[in-house]
Structures are given as structure tokens and as C-alpha cells.
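A.B. asks: Quick one: structure below, then a few questions.
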Amino acid sequence: MTVEEITRQLMEDERNQSYTEQGIPPIYQISEKARVLIIGQAPGRKVEETKIPFNDKSGEKLIGWMGIDRETFYSPEIAIVPMDFYYPGKGKTGDLPPRKFIAEEYHPTILSMMPDIRLTILIGKYSMDYYLKDKKKNLTETVRAYREYLPKYFPIVHPSPLNFRWQAKNPWFEAEVVPELQKRVHEALYC
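So the sequence shown is residues 64 to 254, counted in our numbering.
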């Protein structure tokens, strides 16, 4: 299957009909050349408007955490496959969760299209819940235990500006985890 075929299939899926009718395509970045895979939650409102994955403040922070530049982030060596390819809407306490059928039905096909992935960065609770079978009691403990999931997965907190309290309470993340993330991303891309 090609990227064009999977995109067409997603746009024709009746569960995505309202997005297709609004001219919103599935928002992801897939390449057979990808060496680093980012699995996040779902596009936010700003990303939906620009149709570019992580084209917001969260993306700026993530690019910095990875130790790369914007050009590299949007190159064929980086794949971005969120848990939902569309903005799920607003809930009472933030964005609604990603719809489960996207990962269940579409991720296996998409991931099989990228045989050279060397590192998968799992961002936030939803991707960790889906991909990590032995995660810890909460997100903080899972991120703290990131070494246990290497070399395949690297779980991190969401880079959203709304997570500033978590980051302030957990300075070890930027001090210890981010440098290791940068090292692993560099190795996956260039070694």
C-alpha cells in the first residue's frame, strides 16, 4: 500500500466523513526512509488549520527536545503517526481523546510501510497505553523508567505549553531524559 492509497482510504472512511467534507486530510508524515517515528496524541486546532504535524508551540518544544532543526524534523527521515490523524475536538478539560479505531485499524499498515525505523518516540499517555505492555503506574513513572523500553521505544511527556507545571515539578526530565533523547535521535538519524 502507498501513502496515497492509505490517505484515500482514510478520507473515504465514513468515520472521517465530516473532516473530508471540510477539506481536512489525515494529518501525518510518512516516509519509507524514516528512521525516527513519533507517535503522539492527535493534531490540535492550530495543526488542523495548517495541516502540518506539530506546527505549533508543542512542535517547537519537541524539535528542541530532539536536538534537531525544523528542516530535519520535516524531512523523510522523521515519521509522525499520531494516535488519531484528525483533531478530535474540545472536551471539558482539554482536547478529546484520540479515536481508538485509527491506531487499531490503520497503524499496523502504516508502520509496515516504514521498515527502517530505529527509534519510536511515544508522546503522552495515549501512545504509551497502546504501545507499552508493561508501563508503570502513571505517566511520570513510565517516563522516568524510559531506559526499560529502549532501544525500541522512548516514552516522553507531551511537549505542550500546558504541561509547564509537570515540567516544573519534574526538573529531572530536562536534565536527564532530554539529553539522552537527543543522543538516541542523533544515533538513529546519523549512525
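For glycine and all other residues, C-beta sits at the position ideal for the given N, C-alpha and C.
#1: Let me make sure I understand the geometry here. Which of Tyr91, Glu237 and Leu213 has the alpha-carbon closest to that of Ile115?
#2: Measuring alpha carbon to alpha carbon, tell me which residue in Glu68, Lys163, Glu95 and Glu237 is nearest Ile143.
#3: Would the segment 161-171 and the segment 203-215 be scored as touching if the rule is three or more Cβ pairs under 8 Å?
#4: Per the DSSP calculation, Pro88 is bridged to which residue(s)?
#5: Go through the segment 192-225 residue by residue and report every complete run of the alpha helix (DSSP H) that reaches 4 residues or more, in order.
#6: On a CA-only basis, which of Pro178, Asp192 and Arg181 is nearest Pro160? Give me that one, please.
#7: Is Ile186 near His221, with beta carbons less than 8 Å apart?
#8: Is any non-hydrogen atom of the ligand ADP found closer than 7 Å to the C-beta of Glu68, if you look at the structure I gave you?
#9: Output yes or no for whether 8 Å exceeds the beta carbon distance between Leu252 and Thr183.
#10: Determine the closest residue to Ile165 out of Glu237, Pro106 and Glu84, with distance taken between C-alpha atoms.
#11: Need the endpoints of the alpha helix (DSSP H) that Val241 sits in, please.
#12: I'd like the span of the alpha helix (DSSP H) that includes Ala166, first residue to last.
#13: Report the partner residues of Lys153 according to the DSSP bridge assignment.
#14: Taking Leu225 and Met129 to be in contact with their CB atoms under 8 Å, please state how far apart those CB atoms are, rounded to whole angstroms.
C.D. replies: Result, derived from the coordinates:
#1: Of Tyr91, Glu237 and Leu213, the residue nearest in Cα terms is Tyr91.
#2: Sorting Glu68, Lys163, Glu95 and Glu237 by C-alpha distance to the C-alpha of Ile143 places Glu95 at the top.
#3: With the cut-off at 8 Å, the segment 161-171 and the segment 203-215 do not touch.
#4: Partner(s): none; Pro88 has no beta bridge.
#5: Listed in chain order, the alpha helix (DSSP H) elements of length 4 or more contained wholly in the segment 192-225 are 202-207.
#6: That would be Asp192, whose Cα lies nearest to the Cα of Pro160.
#7: Result yes, Cβ atoms of Ile186 and His221 sit closer than 8 Å.
#8: Within the structure as shown, the ligand ADP is missing, as the structure has no ligands at all.
#9: The answer is no: Cβ separation not under 8 Å.
#10: Here the closest residue by C-alpha is Pro106.
#11: Run containing Val241: Val241 to Tyr253, per the alpha helix (DSSP H) assignment.
#12: Run containing Ala166: Lys163 to Ser175, per the alpha helix (DSSP H) assignment.
#13: In the DSSP output, where bridge partners are listed per residue, Lys153 has Asp158.
#14: In this structure Leu225 is not in contact with Met129, their Cβ atoms being roughly 20 Å apart against a cut-off of 8 Å.
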